[in-house]
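All remarks here apply to the structure that follows.
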Amino acid sequence: MNLDLIDTFLDLLETGNFNRTAERLETTQSTISGRVKALEQAVGAKLFQRGRAGAIPTPSGLRFEQHARSLKAGWAHARRDIGGLERYEGSLRVSGQFSLLRTLFLDWIGELHATNKRVALHLEADYSTQIISDLANGAIDIGVVFAPKFLPDLSIEEIGAQRLVMVSTEFANVGNVTADRYIRASYTAYIERAHAELLPHLAHPALTVGYEELAVGIMKRFGGTTYLPEHALDYLYVATQRRRKHDPLVHRAILALKSVADRHFKISKVKDA
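Those letters in the sequence shown? Residues 271 to 543, per this note's numbering, in order.
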């Protein structure tokens, strides 16, 4: 399998420019053109229209994208699945949002270990955009995200909700908070929209953060007011590739995650009451 052809095709879809793709893949424009031509010959269809506007995917090119991602993901999974795993039933690579690491994510890993000690786990943490990209490319098997991107080859399920609560060193009521002492949480697009609707007077503060640990650090050092994740405002999703959704290892891992999420959010609701 010539993955260089697949990588070139997918990168060119993103950039729409032969020169830019050549720079990103650290090669020459002629090499990129040669790879595209070789791939077009292999699949028996023209994948791009070349013109002043750059490289525009043809209908065949758009249709081939899903197959290209599946080929790349399948190869990545095959290499992981057979390499040095004789002592294990299989392997799972999972990734979760940074803010889940101290709570639900660790509980989930504990559940996986308790139910099947013959699964080799590779754990990562990142933001939603990168997690979804890693899933699409086959770098991970399961992702837990706040802001999913609904790609054709991914299965997305809602498993719960994450709330934000106000934390302040100065104010007891959000109505008294001033923009110059406010740290706006911009963790996901959903939070940004909700914030703009509910707190318009705090839409343009002195500080905006995209990661809750940074907000905590600023609060500890300088004081102020912000919103931090607790348990139920932003929706939480589990994502995996559609073709692997019914893989026994993936299926059991998702069931374990749902079980942990059910307990986690049930406890949160009791605290609210």
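Using N, Cα and C, we set each Cβ at its ideal position, and we do this for glycine too.
Beta carbon of residue i nearer than 8 angstroms to that of residue j
i, j, result
"L393", "A406", "no"
"T291", "T285", "yes"
"V414", "L506", "yes"
"A395", "F368", "yes"
"Y457", "E428", "no"
"Q336", "D423", "yes"
"V437", "L498", "yes"
"E359", "V313", "no"
"L273", "W345", "yes"
Sequence-distant residues of the same chain with beta carbon closer than 6 angstroms to residue i, five excluded per side
i, result
"L282", "T291 and A325"
"K515", "S425"
"F375", "G366"
"A485", "I453, V479 and T496"
"T439", "G493"
"A531", "I429 and G430"
"S300", "none"
"F441", "V447 and T495"
Reference residue i, options the options, closest by Cα
i, options, result
"A523", "P475, V508 and H534", "V508"
"G304", "E293, R294, G314 and F288", "F288"
"A348", "L527, A395 and S361", "S361"
"L280", "S300, Y457, L317 and L391", "L317"
"V447", "H383, L371 and G493", "G493"
"L341", "T373, E296, D277 and L469", "D277"
"A343", "R512, K528 and S529", "R512"
"T399", "A417, G331 and L472", "A417"
"K528", "Y397, G487 and I379", "I379"
Same chain, Cβ closer than 7 angstroms to residue i, neighbours up to 5 away in sequence not counted
i, result
"L275", "R305, A308 and L309"
"K419", "I402"
"D411", "L362, R363, V364, T510, R514 and V520"
"Q319", "I326 and T328"
Supposed close pair residue i, residue j - CB separation, criterion 8 angstroms
i, j, result
"A455", "T496", "6 angstroms"
"A476", "D450", "5 angstroms"
"L371", "A526", "L371 to A526, Cβ: 17 angstroms. No contact."
"H474", "D377", "Wrong, their Cβ atoms sit about 38 angstroms apart, outside the cutoff."
Bridge partners - residue i, DSSP secondary structure assignment
i, result
"R363", "H392"
"P518", "None, per the DSSP bridge assignment."
"L332", "Its beta-bridge partners do not exist; DSSP assigns none."
"E428", "Y507"
"M436", "Y497"
Cβ of residue i within 8 angstroms of any chain C Cβ
i, result
"Q400", "Protein chain content of the structure displayed is limited to a single chain, and chain C is not contained in it."
Cut-off 8 angstroms between Cβ atoms - residues of its own chain near residue i, not counting five sequence neighbours on either side
i, result
"L469", "V444"
"A466", "A473"
"F334", "F279, V313, A315 and L317"
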